Each structure stands twice: as C-alpha cells, then as structure tokens.
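Using my numbering, read the sequence shown as starting at 732 and increasing by one per residue. We put the CB at the ideal spot given by N, CA and C, even for glycine. Computed from a predicted model, the values in this text were never measured in an experiment. Quick notes on the structure that follows.
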Amino acid sequence: MNQTGFPYEVIVEVAFRDIDAFGHVNNAVFFSYMEYCRVKYVTELFAGTKLATESLLDIPLILVKAECTYRSPALLGEKIRLGIGLSRFGNKSFDLAYRFEGEDGRLIAIGKTVQVMYDYRANSAFSIPEIIKERVNNYQNDWQIAAE
C-alpha cells in the first residue's frame, strides 16, 4: 500500500498557474489533479485487455459526477501526494475515491468521481467487463476506503 493508504498514487507539484489570488490551489484545479491521476490509474488497469487503447482519447469511460471536499490549503511549489482507488462497482458504473496529502502528511482534500463504461461509437453505456473487475480486485488486494 502507498503512503496515502490508497492502491495507486501520483505526486503532483503545485505550479504557479494552479494558485489563485489567495495564494493557494484554486478549488477547480483539484478536479484537474483528479483527472490526471484517474487517467494514469485507468490506463494501467486496462493495459493488456481488449479495452487497452493506443490513444487516451479512446478510453471507454465517461465521467458523470465529480466532488471534492477541501480540508487544508495547498501552496505554490508543494508536492501533493494523490491516492486513488476504486471504491464501488455498479453494473455499468464505478466510483473512484481520492485522497490528497501534503508533504507533511496533512489531509488537503478528499474526492470522488463516478465513471460509466461508455462506447462513444454506439453512444451507449455497457456493462463493466469481468476482466476489469478481476484486475481491480487483484491490484487493490481487497482494499477498502477508510472512514474519514
């Protein structure tokens, strides 16, 4: 398990473009950080399956919900540790949970997104393939999100 206690983790350094007039990361930027982490995680999960793509534009997902709860400001130059894990499977959708931690280990934010497996050519959702569920379960080793 990673430092955040989540199955997958990336580090994002706060750039000048990410801060607002108050000197901390703007609330909207957290969603870009989640997207960056989500794409890396999903790409790794899909690798070697029929859902693997040559282009990130071909990932068969559509985002239907995103939320973020802020706990502590993140500042310019700070390296944020961002953990991600799949917290719920539905039939066609799944939830991803996120945890943002500062270099000092403080909780900066928590987030959640809901994704739907989506065929852009057919313009329709489809059931999550069993191979993805198996990969997630193997990769995450029965990981469960801890209560906040």
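CA-to-CA distance, residue j to residue i, given in whole angstroms
i: I876; j: V867; result: 14 Å
i: G808; j: F747; result: 8 Å
i: E744; j: D789; result: 27 Å
i: P860; j: D749; result: 36 Å
i: Q871; j: E798; result: 22 Å
i: A778; j: V770; result: 12 Å
i: H755; j: R819; result: 31 Å
i: E834; j: L806; result: 11 Å
i: F831; j: N758; result: 13 Å
Beta-carbon proximity list for residue i, same chain, < 8 Å, skipping 5 on both sides
i: D850; result: P791, A856, F857
Of the residues the options, the one placed nearest residue i, counting alpha carbons only
i: V773; options: R852, Y801, Q846, H755; result: Q846
i: T844; options: K864, L817, L838, N822; result: L817
i: G842; options: N822, N733, C768; result: C768
i: F762; options: I815, N733, P738; result: I815
i: N733; options: I862, E865, Y829, F753; result: Y829
i: I863; options: I742, G821, E832, V756; result: G821
i: P884; options: L813, K823, A752, K796; result: Nothing can be reported for residue 884: it is not among the residues displayed for the chain, which extend from 732 to 879.
i: Y764; options: I742, L776, F753, N869; result: I742
Residue i: CB within 7 Å of a non-hydrogen atom of the ligand GTP
i: R837; result: Among the components modelled here there is no ligand, and therefore nothing to report on the ligand GTP.
Residues near residue i by beta carbon distance below 6 Å, same chain, minus five either side
i: Y801; result: A840
i: V760; result: D749
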